[in-house]
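Following the numbering used here, the numbering of the sequence shown begins with 17 at its first residue and continues without gaps. Here a beta-carbon is modelled for each residue, glycine too, at the ideal position from N, C-alpha and C.
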Amino acid sequence: MRIGIEMAIQFTRIEFLTRSKGGDSCRKAAYNARTIVENEKTGIKYNFSRKKDNVYHTVLIPDYVNQEFKNIQTLMNEVERTAKDPNSQLLKDIVIALPDEKELNLEHRIELTHRIVDAMEWVQNGLGVQIDIHKPQIGDKNWHAHILLTMRRFRKDGTGLGDRAVDLNPKIITVNGKKVVIKDSKMIHEIAKEETNAYFAELGLPYRVDETSEVPGKHIGLVELGI
């Protein structure tokens with residue numbers, strides 16, 4: 017470690033939201049956005065608007081896609097509609113811890129989150145991305161971004177989701193009977209580390225992320241998330 021450089025702590029977590037485990041795209045989207053979303057197929061309305069820690073929300077879609085899909089009510093019901101199998105993977109559910117250093121404000125954290133998403137090239141590859149940033153509870157320091165990523169690409173006519181983007185999934189091989197993910201420079205924890213360090217350097221801040229953990233900290237556990 018070089019003198020004058022402080023190590024920042026960061027982690028990422030990625031999971032699949034699956035129907036077989038009770039996953040519901042509308043519920044997850046409503047939870048992340050701290051808003052109300054109705055699953056039009058089941059008629060269940062999910063309301064998380066009582067939670068007040070969401071400080072930023074947006075949906076990114078390719079330029080050729082109908083703008084109605086920037087509304088999560090529309091987007092997530094399209095996810096539910098196109099995932100017909102009872103074992104369907106609905107969304108990739110990603111959490112990224114954001115720096116809590118005192119020199120950074122909300123706009124810095126929004127910019128960093130967008131840089132990470134852009135570097136992953138999800139939108140460029142035809143996917144929809146919901147981004148929500150949650151501020152820490154009083155006395156805590158746990159800034160984090162929630163990202164929901166569609167498993168399917170939008171059709172080229174921009175009217176809805178089409179084929180599964182299986183080519184964007186991590187490459188998995190079997191070694192001694194165990195499934196192993198092949199490490200790749202485009203993996204989210206690598207991109208998050210690179211973009212965070214580049215942004216620290218750009219801002220002239222003496223912080224660097226050494227290694228980005230893929231294990232969540234206490235504040236992002238299942239109990240705290242209410243899942």
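Near residue 94, what residues of its chain come up, given a Cβ to Cβ distance below 8 angstroms and the 5 sequence neighbours on each side ignored? 85, 176 and 177
By Cβ distance, which residues of its chain are closer than 6 angstroms to residue 148, with the 5 residues on each side in sequence left out? Result list for residue 148: 48, 49, 70, 73 and 162, in chain order.
Start and end of the alpha helix (DSSP H) containing residue 132? 122-136
Quick check on the DSSP output: the alpha helix (DSSP H) that includes residue 95 runs from which residue to which? 88-98
Residue 110 vs residue 29 beta-carbon contact at 8 angstroms: yes
What residue from 55, 127, 144 and 122 has the CA that sits closest to residue 158's CA? 122
Between the segment 126-136 and the segment 49-63, do at least 3 Cβ pairs fall closer than 8 angstroms? no
With DSSP as the reference, label residue 145 as helix, strand or coil. Strand, per DSSP.
By DSSP's criteria, residue 105 is part of a beta bridge. Which residues make up the other side? Its beta-bridge partners are 34.
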